[in-house]
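Peer 1: The sequence shown runs contiguously to residue 601 in my numbering.
Every residue, glycine too, gets a C-beta built ideally from N, C-alpha and C.
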Amino acid sequence: MRPKLIVGNWKMNGTLKETRKLLFQLSVEWTPKCHDIEVAVCPPFTMLLIAKHALDETSIKLGAQNCYCEEKGAFTGEIAPAMLAELGCTYVILGHSERRTIFGETDNLVSKKLRSALDAKLTPIICIGESESERTGNETEAVLLRQISESLATINANDAAKVVIAYEPIWAIGTGKTATPDEAQSAHAFIRADLQKKYGSIASDIRILYGGSVKPDNARALLAEPDIDGGLIGGASLDASAFIAIVEAAT
Ligand code: PGA
351 MRPKLIVGNW KMNGTLKETR KLLFQLSVEW TPKCHDIEVA VCPPFTMLLI AKHALDETSI
411 KLGAQNCYCE EKGAFTGEIA PAMLAELGCT YVILGHSERR TIFGETDNLV SKKLRSALDA
471 KLTPIICIGE SESERTGNET EAVLLRQISE SLATINANDA AKVVIAYEPI WAIGTGKTAT
531 PDEAQSAHAF IRADLQKKYG SIASDIRILY GGSVKPDNAR ALLAEPDIDG GLIGGASLDA
591 SAFIAIVEAA T
């Protein structure tokens with residue numbers, strides 16, 4: 351049994367004023383129904399502390415959008431996993447395609463970050479997914495296999511049970527183009543089959559989220575698929591009503 355998980359990825363958005371407003375709306379619009387599933391938001395680092403206080407009365411958990419792989423030291427501009435844990439974060443998104451394409455993060459770096467996040471008792475959300483040209487070139491499966499084996503290279507089956515995977519086809523992120531429920535389900539089933547080969551029966555406990563233009567009107571159909579265990583929501587998570595509607599669609 352895999353409890354559904356909906357995660358809002360706020361990316362680099364929101365002034366202090368806008369963030370306070372969004373947090374307030376989330377806490378006001380939070381419905382009893384929402385308590386049935388796990389929900390988290392991942393604000394920018396600078397907003398984590400106010401988010402922690404503002405969401406105290408809800409069951410919304412906190413996550414960060416990235417971290418570094420070292421515990422401390424001369425790594426200007428980076429944030430250690432333990433710093434996030436200390437602020438009350440439960441989750442950390444790692445290897446998002448924007449980190450990979452804009453900031454040059456490799457599978458190897460993602461695997462090191464994954465190891466340190468687990469050591470700090472954070473739950474890593476590892477993002478994988480193919481680009482448009484990889485999909486049209488029939489390379490989707492090869493890309494997913496490579497990303498899974500290299501990004502998860504530092505962990506064993508015991509650790510794998512603590513990891514969340516997010517399948518985010520790059521062509522669907524922020525574009526309004528969503529994978530159809532069938533396309534997403536078949537990628538998720540493929541990912542789970544590979545996890546099964548690597549980690550055995552633990553694979554049936556690993557949550558695989560779908561991300562890429564999830565909105566209130568397409569969430570229900572996607573989340574009804576057997577291997578889609580939740581969503582990683584970008585744009586729509588910046589609107590409290592839309593985000594809550596997606597959460598409700600998952601219940
Ligand atoms: P989107 O972003 O929902 O805006 O497509 C998803 C993500 O990048 O995690």
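1. Would a C-beta distance cut-off of 8 Å place Ile578 and Ile356 closer than the cut-off?
2. Measure from the alpha carbon of Ser549 to the alpha carbon of each residue in Leu372, Thr381, Thr504, then state which is nearest.
3. So for Cys417, helix, strand or coil by DSSP?
4. Which same chain residues end up closer than 6 Å to Gln415 when comparing Cβ atoms and leaving out the 5 residues on each side of it in sequence?
5. Per DSSP, what kind of secondary structure is Ile558 in: helix, strand or coil?
6. Whose CA, out of Gly445, Phe593, Lys383, Met397, lies closest to the CA of Gln375?
7. So, helix, strand or coil for Asn488, using DSSP?
8. Using DSSP's beta-bridge definition, name the partner residues of Ala390.
9. Got a sec: does ligand 1 put a non-hydrogen atom nearer than 7 Å to the Cβ of Ser340?
10. If you draw a straight line from the C-alpha of Ala470 to the C-alpha of Val564, how long is it?
11. According to DSSP, simplified to helix, strand and coil, what is Cys477?
12. On a Cα-Cα basis, can you pick out the residue from Leu468, Glu407, Leu412, Leu545 that is closest to Glu420?
13. Is it the case that the segment 474-486 contacts the segment 510-517, given that we only count it when at least three CB pairs across the two stretches are under 8 Å?
14. Could you tell me which uninterrupted beta strand (DSSP E) segments, each at least 3 residues in length, are contained entirely in the segment 535-591, listed from first to last along the chain?
Peer 2: In this structure, then:
1. no
2. At residue 549 the sequence reads Tyr, which differs from the Ser that was named. Residue Thr504 is the option with its Cα nearest to Tyr549.
3. coil
4. Cys392, Ile443
5. strand
6. Phe593
7. coil
8. Val357, Lys411
9. The structure shown does not extend to residue 340, since the chain spans only 351 to 601, so no value can be given for it.
10. 30 Å
11. strand
12. Leu468
13. yes
14. 557-561, 580-583
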